[in-house]
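Q: Numbering (this note's numbering), first residue to last: 143 to 818. For each residue, glycine too, the CB sits at the ideal point set by N, CA and C. Fair warning: this is a prediction, and the values are worked out from it, not measured in the lab. Encoded as structure tokens, here's the structure I'll be asking about.
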Amino acid sequence: MKSDKNTLFQADQMKDALVQSFIKLDPRILVRNPVMFTVEIGTVVMLIVTIFSFSNTGQGGWGYNFTIFLVLFLTVLFANFAEAIAEARGKAQAESLRKTRSETPARLLVDGKEQIIMSSLLKKGDIFICETNDTIPTDGEIIEGIATIDESAITGESAPVIRESGGDKSSVTGGTKVLSDKIKVQVTTQPGESFLDKMIALVEGASRQKTPNEIALTILLAGFTLIFVIVCITLKPFGDYANTPITIAAFISLFVCLIPTTIGGLLSAIGIAGMDRALRANVITKSGKAVETAGDLDVLLLDKTGTITIGNRKATNFYPANGVNEHDFIKACVLSSLADETPEGKSIVELAEQDKNMVVTKAPENSVFIKFTAETRSSGLDTPDGLRVRKGAFDSIRTMAINAGHTFPSEVEANVKTIASNGGTPLVVSQNEEILGVIELQDIIKPGIAERFERLRRMGVKTVMVTGDNPLTAKFIAEKAGVDDFIAEAKPEDKMNYIKVEQQQGKLVAMMGDGTNDAPALAQADVGVAMNSGTQAAKEAGNMVDLDNDPTKLIEIVEIGKQLLMTRGTLTTFSIANDVAKYFAIVPALFMVSIPALRSLNIMDLHSPQSAILSAVIFNAIIIPLLIPLALRGVEYKAIGASALLRRNLLIYGLGGVLIPFIGIKLIDLAVGVFL
Numbered sequence: 143m144k145s146d147k148n149t150l151f152q153a154d155q156m157k158d159a160l161v162q163s164f165i166k167l168d169p170r171i172l173v174r175n176p177v178m179f180t181v182e183i184g185t186v187v188m189l190i191v192t193i194f195s196f197s198n199t200g201q202g203g204w205g206y207n208f209t210i211f212l213v214l215f216l217t218v219l220f221a222n223f224a225e226a227i228a229e230a231r232g233k234a235q236a237e238s239l240r241k242t243r244s245e246t247p248a249r250l251l252v253d254g255k256e257q258i259i260m261s262s263l264l265k266k267g268d269i270f271i272c273e274t275n276d277t278i279p280t281d282g283e284i285i286e287g288i289a290t291i292d293e294s295a296i297t298g299e300s301a302p303v304i305r306e307s308g309g310d311k312s313s314v315t316g317g318t319k320v321l322s323d324k325i326k327v328q329v330t331t332q333p334g335e336s337f338l339d340k341m342i343a344l345v346e347g348a349s350r351q352k353t354p355n356e357i358a359l360t361i362l363l364a365g366f367t368l369i370f371v372i373v374c375i376t377l378k379p380f381g382d383y384a385n386t387p388i389t390i391a392a393f394i395s396l397f398v399c400l401i402p403t404t405i406g407g408l409l410s411a412i413g414i415a416g417m418d419r420a421l422r423a424n425v426i427t428k429s430g431k432a433v434e435t436a437g438d439l440d441v442l443l444l445d446k447t448g449t450i451t452i453g454n455r456k457a458t459n460f461y462p463a464n465g466v467n468e469h470d471f472i473k474a475c476v477l478s479s480l481a482d483e484t485p486e487g488k489s490i491v492e493l494a495e496q497d498k499n500m501v502v503t504k505a506p507e508n509s510v511f512i513k514f515t516a517e518t519r520s521s522g523l524d525t526p527d528g529l530r531v532r533k534g535a536f537d538s539i540r541t542m543a544i545n546a547g548h549t550f551p552s553e554v555e556a557n558v559k560t561i562a563s564n565g566g567t568p569l570v571v572s573q574n575e576e577i578l579g580v581i582e583l584q585d586i587i588k589p590g591i592a593e594r595f596e597r598l599r600r601m602g603v604k605t606v607m608v609t610g611d612n613p614l615t616a617k618f619i620a621e622k623a624g625v626d627d628f629i630a631e632a633k634p635e636d637k638m639n640y641i642k643v644e645q646q647q648g649k650l651v652a653m654m655g656d657g658t659n660d661a662p663a664l665a666q667a668d669v670g671v672a673m674n675s676g677t678q679a680a681k682e683a684g685n686m687v688d689l690d691n692d693p694t695k696l697i698e699i700v701e702i703g704k705q706l707l708m709t710r711g712t713l714t715t716f717s718i719a720n721d722v723a724k725y726f727a728i729v730p731a732l733f734m735v736s737i738p739a740l741r742s743l744n745i746m747d748l749h750s751p752q753s754a755i756l757s758a759v760i761f762n763a764i765i766i767p768l769l770i771p772l773a774l775r776g777v778e779y780k781a782i783g784a785s786a787l788l789r790r791n792l793l794i795y796g797l798g799g800v801l802i803p804f805i806g807i808k809l810i811d812l813a814v815g816v817f818l
């Protein structure tokens with residue numbers, strides 16, 4: 143679902159946002175933003191004053207009042223536009239998703255026979271079949287078969303993936319395409335409730351609620367607004383005392399300029415843009431709160447298999463017993479693996495071919511292949527001439543050899559212990575029950591994973607590896623991968639209990655997983671990121687879904703969360719700092735005629751009281767659209783400490799918030815003064 147349209151503003155989105163800007167003028171909608179709602183009330187009052195000033199000049203001239211009204215109206219409109227353009231970007235993403243949800247025929251199984259119906263008629267529990275080149279009609283779990291799936295319609299990634307029954311990779315998504323083989327799928331959702339339907343609803347903002355930080359900031363802004371209402375009211379008796387009548391236009395202009403209209407106008411856009419940035423990183427978030435929480439994470443739990451390691455163990459070395467010819471040993475290893483369809487078995491053949499130049503394409507004719515079973519814990523083959531080759535677990539092959547009257551070589555046992563202590567899996571190989579040597583299997587750590595964990599560490603996030611391996615193996619892999627802690631021999635309740643303990647200590651915890659056994663932990667975690675390739679249970683339990691199935695995606699999610707918090711903080715700092723300049727623009731201008739001592743505060747040397755007020759409200763209006771790109775893109779995140787970050791924000795946005803309005807208001811005053 144990646145798009146080539148990376149420009150911030152697109153013509154169709156701008157047009158839609160402009161229409162929505164007027165729709166959002168409805169007081170019933172705008173009341174959710176207290177700051178801009180009060181500005182709208184001031185705008186209505188100025189409209190009445192403007193009409194009244196046609197016949198009465200006691201409140202100033204008609205042109206002056208109309209200009210104030212127009213600028214205030216544009217202030218509200220610009221704030222609405224900021225929110226609408228953020229929403230429009232989300233709607234554009236939703237539209238691209240809709241294109242993948244076309245009506246697709248489904249091959250429904252009824253009493254063992256196929257019926258062709260439309261995908262919209264499928265119900266939860268129905269079973270359908272898909273073969274090569276079929277489009278999967280809706281979400282489901284594979285209950286039989288294995289297939290290569292093209293998920294580019296959802297994820298944008300061209301590389302096909304393998305989905306099969308009976309594991310954590312059994313989930314399929316409607317709109318994806320089967321490239322090979324045949325699968326039988328059971329529907330897991332009701333009509334209209336598919337993953338794609340939910341994604342569309344989420345990105346359109348239908349389910350978006352304000353986050354706790356947003357609510358807290360809204361309350362703070364409402365408090366500032368109330369304070370400045372009181373401040374402006376007290377100016378009336380002061381003006382009467384100074385024999386300086388203050389017009390309604392001056393009152394409203396001062397009020398609108400002093401309240402934090404900048405952040406009030408951009409607050410909603412910042413929250414929506416945070417979810418949008420996550421979506422553009424191919425992460426569906428079920429709430430803005432999840433994105434924001436990611437910015438404050440303390441602990442991350444992640445599975446070893448498929449996350450830290452490539453997912454399957456690979457053969458890395460052959461260790462023949464003393465007196466056994468290496469060539470003969472490797473040949474036996476290959477023969478025992480020719481019929482082994484597991485990734486581990488295939489890796490043994492690959493290692494022999496690539497590193498040892500051993501080419502064995504097929505077993506002798508009429509050979510009998512012995513499949514691995516949980517009871518024997520071994521596999522291999524029997525040839526017609528009486529050769530019996532086996533590979534398997536150390537204790538299983540040792541018992542087989544001892545029962546046949548053979549000894550177990552001490553050097554092989556030593557190799558087995560060394561491999562196990564290094565986090566590997568030893569596979570012992572025998573021929574006619576006589577030990578030939580041992581194969582070393584190792585988890586292959588993903589390239590660059592240690593560096594990524596180091597990045598998380600610099601962000602202040604502790605990484606915890608979760609694995610079913612024994613503590614010795616887990617410790618080795620944890621150290622090699624560079625994680626901070628590990629949970630060995632982990633059961634579903636162990637993951638959840640670890641999360642609870644960390645949360646009781648006041649920490650925010652993230653969990654990444656893809657299996658049904660991960661669902662409890664995903665639900666318990668503050669940020670639960672489920673892989674799109676995972677089970678339906680995992681995707682339902684988490685509050686984020688990674689469409690790319692990239693376990694290291696949390697680094698991006700954390701950066702987006704921190705970027706959202708930083709953007710909100712920096713724009714709040716900028717908005718409040720603006721008040722200093724606007725105060726020095728308006729208040730001295732109002733009273734410097736009757737109180738000459740206040741002329742010293744007119745440090746900008748503005749043309750007149752009227753030009754000062756107009757310049758301040760015009761600057762107050764135009765700064766909102768000028769900051770929309772920053773609200774949508776977000777402030778660049780840098781992995782530095784909180785104190786350094788505070789100093790940086792105060793220096794750039796605090797000082798900038800004071801200086802820029804001084805410059806802007808003075809320039810506007812020079813232009814406005816020509817007409818007054």
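Can you look up K533 in the DSSP assignment and give me helix, strand or coil?
A: On the sequence shown, position 391 is the one that residue 533 refers to. DSSP places K533 in strand when its eight states are reduced to three.
Q: Taking its Cβ as the centre, do 16 or more other Cβ atoms sit within 10 Å of A348, making it buried, or is it exposed?
A: In the sequence shown, residue 348 corresponds to position 206, counting from 1. Unreliable positioning characterises A348 in this predicted model, as indicated by a pLDDT of 41, which lies under 50. The coordinate reading is nonetheless provided below. Under this definition A348 is an exposed residue.
Q: Is the separation between the beta-carbon of I394 and that of V187 shorter than 8 Å?
A: Taking the first residue of the sequence shown as 1, we reach residue 394 at position 252. Taking the first residue of the sequence shown as 1, we reach residue 187 at position 45. Going by C-beta atoms, I394 is nearer than 8 Å to V187.
Q: Counting only runs that start and end within the segment 565-597, where is the beta strand (DSSP E) found for 3 or more residues in a row?
A: 567-573, 576-584
Q: Give me whichever residues DSSP pairs with C272 in a beta bridge.
A: Your numbering for residue 272 matches position 130 in the sequence shown. The partner list for C272 (beta bridge, DSSP) reads I325.
Q: CB-CB under 7 Å to C374, same chain, minus the five flanking residues each way: which ones, in chain order?
A: Here residue 374 corresponds to residue number 232 of the sequence shown, with the count starting at 1. Around C374: F393, L396, F397.
Q: What first and last residue would you give for the alpha helix (DSSP H) that runs through Q647?
A: For this step, residue 647 is matched to residue 505 along the sequence shown. Neither: Q647 is in no alpha helix (DSSP H) and is coded neither H nor E.
Q: Helix, strand or coil for P93 per DSSP?
A: An answer regarding residue 93 cannot be provided, because it is not within the stretch 143 to 818 covered by the chain.
Q: Within this structure, are the beta carbons of M686 and I426 separated by less than 8 Å?
A: Sequence index remark: in the sequence shown, residue 686 carries index 544 (1-based). Sequence index remark: in the sequence shown, residue 426 carries index 284 (1-based). Contact: yes.
Q: Grab the span of the beta strand (DSSP E) containing Y461 for me, first residue to last.
A: For the purposes of this step, residue 461 is taken as residue 319 along the sequence shown, with counting starting at 1. Taken as a continuous stretch (DSSP letters only), the beta strand (DSSP E) holding Y461 covers 456-462.
Q: Looking at C-beta atoms only, is the number of pairs between the segment 633-641 and the segment 588-603 that lie closer than 8 Å three or more?
A: With a cut-off of 8 Å, the segment 588-603 and the segment 633-641 do not count as touching, because too few Cβ pairs lie within range.
Q: Below 8 Å between beta carbons: does that hold for D445 and L650?
A: One-based indexing of the sequence shown puts residue 445 at position 303. One-based indexing of the sequence shown puts residue 650 at position 508. Taking 8 Å as the Cβ cut-off, D445 and L650 do not qualify as a contacting pair.
Q: Determine the closest residue to L224 out of A672, D382, L769, T315, with distance taken between C-alpha atoms.
A: Locating residue 224 in the sequence shown gives position 82, counting from the first residue. Note on identity: in this sequence residue 224 is Ala, with Leu being the wrong assignment. It is L769 whose Cα lies nearest to the Cα of A224.
Q: Can you tell me whether N720 is buried or exposed? The criterion is at least 16 other CB atoms within 10 Å of its CB, across all chains shown.
A: For this step, residue 720 is matched to residue 578 along the sequence shown. Looking at its Cβ environment, which holds 16 or more other Cβ atoms inside 10 Å, N720 is buried.
Q: Whose C-alpha, out of M601, I539, N612, L529, is nearest the C-alpha of G565?
A: In the sequence shown, counting from the first residue as 1, residue 565 sits at position 423. If we check each option's Cα against that of G565, N612 comes out closest.
Q: Pick out whichever of G282, Q162, A773 has its Cα sitting closest to the Cα of V327.
A: On the sequence shown, residue 327 is found 185 positions in, with the first residue counted as 1. Of the listed residues, the one whose Cα sits closest to V327 is G282.
Q: Leaving out five residues before and five after I304 in sequence, what residues of the same chain have Cβ atoms less than 8 Å from its Cβ?
A: Mapped onto the sequence shown, residue 304 falls at position 162. These residues qualify, in order along the chain: I288, A289, T290, I291, K311.
Q: So, are the CB atoms of G776 and R419 less than 8 Å apart?
A: The residue given as residue 776 occupies position 634 in the sequence shown. The residue given as residue 419 occupies position 277 in the sequence shown. For G776 and R419, yes; Cβs fall inside 8 Å.
Q: Using the beta-carbon count (16 or more within 10 Å), is Q155 buried or exposed?
A: Numbered from its first residue, the sequence shown carries residue 155 at position 13. The residue in question, Q155, is buried, as its Cβ has 16 or more Cβ neighbours within 10 Å.
Q: Assuming S313 contacts G579 (C-beta within less than 8 Å), just tell me the rounded distance between them.
A: Position 171 of the sequence shown, counted from the first residue, corresponds to residue 313. Position 437 of the sequence shown, counted from the first residue, corresponds to residue 579. Actually they do not touch by this definition, with Cβ atoms about 41 Å apart.
Q: Does the segment 714-732 come close enough to the segment 397-406 to have 3 or more Cβ pairs within less than 8 Å?
A: yes
Q: Look at the alpha carbon of T836 and the alpha carbon of K265, and state the distance between them as a whole number of angstroms.
A: No information on residue 836 is available, as it lies outside the stretch 143 to 818 that the chain covers here.
Q: Closest to R519 by CA distance: which of G528, T525, A535, E507 is it?
A: As a first step, residue 519 is located in the sequence shown; it is residue number 377 there, counting from the start. Closest by alpha carbon: A535.
Q: Starting from D445, trace the beta strand (DSSP E) in both directions and tell me its first and last residue.
A: Position 303 of the sequence shown, counting from 1, holds the residue named residue 445. Element bounds for D445: 441-445.
Q: Just to confirm the assignment, what range does the beta strand (DSSP E) spanning M417 have?
A: One-based indexing of the sequence shown puts residue 417 at position 275. Residue range 403-422 is occupied by the alpha helix (DSSP H) that includes M417, with no beta strand (DSSP E) assigned at that position.
Q: Would G670 count as contacting chain C if we go by Cβ distances under 8 Å?
A: Among the protein chains of the structure shown there is no chain C, as only one such chain exists.
Q: Since P771 is in the beta strand (DSSP E), which residue starts that stretch and which ends it?
A: The residue you call residue 771 lines up with position 629 of the sequence shown. Where P771 is concerned, there is no enclosing beta strand (DSSP E), although the alpha helix (DSSP H) it sits in stretches over 751-775.
Q: Kindly indicate the opening and closing residues of the alpha helix (DSSP H) around T714.
A: Locating residue 714 in the sequence shown gives position 572, counting from the first residue. Per DSSP, T714 belongs to the alpha helix (DSSP H) from 696-733.
Q: Taking DSSP as the reference, what is the three-state secondary structure of G670?
A: On the sequence shown, position 528 is the one that residue 670 refers to. Three-state DSSP puts G670 in a strand.
Q: Rounded to whole angstroms, what's the CA-CA distance from F460 to H469? Just pull it up for me.
A: Start at 1 with the first residue of the sequence shown, and residue 460 comes out as number 318. Start at 1 with the first residue of the sequence shown, and residue 469 comes out as number 327. F460 and H469: Cα-Cα distance of roughly 10 Å.
Q: On the premise that D626 lies in contact with T605, defined as a C-beta separation below 8 Å, what is that separation, rounded to the nearest angstrom?
A: The sequence position of residue 605 within the sequence shown is 463, counting from 1. The sequence position of residue 626 within the sequence shown is 484, counting from 1. Rounded, the Cβ-Cβ distance is 5 Å, consistent with contact.
Q: According to the neighbour-count rule (16 or more other Cβ atoms, all chains shown, within 10 Å of its Cβ), is N148 buried or exposed?
A: As a position in the sequence shown, residue 148 is number 6, starting the count at 1. With a pLDDT of only 47 at N148, under 50, the local geometry of the prediction cannot be trusted, and the value read off the model is given with reservation. Counting Cβ neighbours within 10 Å, N148 comes out exposed, since fewer than 16 surround it.
Q: Here's the rule I'm using: 16 or more other beta-carbon atoms within 10 Å means buried, otherwise exposed. How should K695 be labelled?
A: For the purposes of this step, residue 695 is identified with residue 553 of the sequence shown, where counting begins at 1. So K695 counts as buried.
Q: DSSP on F511, reduced to helix/strand/coil?
A: Along the sequence shown, one-based indexing puts residue 511 at 369. F511: strand per DSSP, three-state reduction.
Q: I'd like the list of long-range same chain contacts for M542, defined as Cβ closer than 6 Å, with 5 residues on each side in sequence excluded.
A: Position 400 of the sequence shown, counting from 1, holds the residue named residue 542. Sequence-distant partners of M542 (beyond 5 residues in either direction) whose C-beta falls short of 6 Å from its own C-beta, in its chain, are E575.
Q: Starting from E553, follow the beta strand (DSSP E) in both directions and report where the run begins and ends.
A: Mapped onto the sequence shown, residue 553 falls at position 411. Not the beta strand (DSSP E): E553 falls in the alpha helix (DSSP H), residues 552-563.
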